[in-house]
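Heads up: the structure comes next, in structure tokens.
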Amino acid sequence: MADRNISSNQKMLLGGTNGVRGYRTGVASISDGILSQINLKHYQPLLQDSLLVSSLFYDFSAGKKYHKIQAYEQRPEQHNHIKLQSVGAGLQLFSPNNYSLSFYYAKPIGARLEKEKEHQIGLSLLKLF
């Protein structure tokens, strides 16, 4: 929560892997709000020291773009409030202190932002040396 309007580099980003996964990174940012990621995970040992994690998730965020909209009367903002939601599934294969391979599929639910895709797919590979 902010006590005043803050610059764009201080705002909370809503989309992407660490936000609402059904939207691309940076699709929206807010001054005041909440972000929640709810995951249901299943851990399955695989191979010698690897673990396969399957997950179902629900992401939710809501907030205000500006703390005080009156300070930005010249902006063509239709609404100061924004709410994003998505559901999806993911897989992660990893070995502690070695590697991690992650994949997720997410679909926005509820009212979607204009010009946004119907789904998002994420893939990442991490190798520790």
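With this note's numbering, the residue at position 95 of the sequence shown is 777, and numbering never jumps.
Note that beta-carbon positions come from the ideal geometry of N, C-alpha and C, so glycine has one too.
It should be emphasised that the depicted structure is a prediction, and the values quoted were computed from it without experimental measurement.
How would you write the range of the beta strand (DSSP E) that residue i sits in, first residue to last?
{"i": "Tyr787", "result": "Tyr781 to Ile791"}
{"i": "Ser732", "result": "Ser732 to Lys746"}
{"i": "Asn721", "result": "Asp714 to Leu728"}
With DSSP as the reference, identify every bridge partner of residue i, one or two as the case may be.
{"i": "Leu809", "result": "According to the sequence shown, residue 809 is Lys rather than Leu. DSSP output for Lys809 lists Tyr781 as bridge partner(s)."}
{"i": "Lys765", "result": "Ala744"}
{"i": "Val702", "result": "Gly697"}
{"i": "Gly772", "result": "Ser737 and Tyr786"}
{"i": "Gly873", "result": "Because residue 873 is not part of the residues shown, which for the chain are 683 to 811, the question remains open."}
Assuming residue i and residue j form a contact by the criterion Cβ under 8 Å, report the distance between their Cβ atoms to the nearest whole angstrom.
{"i": "Ser768", "j": "Ala744", "result": "Actually they do not touch by this definition, with Cβ atoms about 13 Å apart."}
{"i": "Lys747", "j": "Ser718", "result": "Not quite, the Cβ-Cβ distance comes to about 19 Å (not below 8 Å), so this is no contact."}
{"i": "Tyr705", "j": "Glu800", "result": "In fact, because the Cβ distance is near 11 Å, the residues do not count as touching under 8 Å."}
{"i": "Gln774", "j": "Leu783", "result": "7 Å"}
{"i": "Leu722", "j": "Leu734", "result": "Incorrect: roughly 15 Å between the Cβ atoms, too far for contact."}
{"i": "Tyr781", "j": "Leu805", "result": "That belief does not hold up - the Cβ atoms of Tyr781 and Leu805 are roughly 14 Å apart, past 8 Å."}
{"i": "Arg703", "j": "Gly792", "result": "Their Cβ separation, rounded to whole angstroms, is 14 Å, which puts Arg703 and Gly792 out of contact at 8 Å."}
{"i": "Ser732", "j": "Phe785", "result": "In fact, because the Cβ distance is near 15 Å, the residues do not count as touching under 8 Å."}
Whether or not the region 723–733 and the region 701–713 are in contact is what I'm after, with contact meaning three or more pairs of Cβ atoms, one per stretch, closer than 8 Å; do they touch? no
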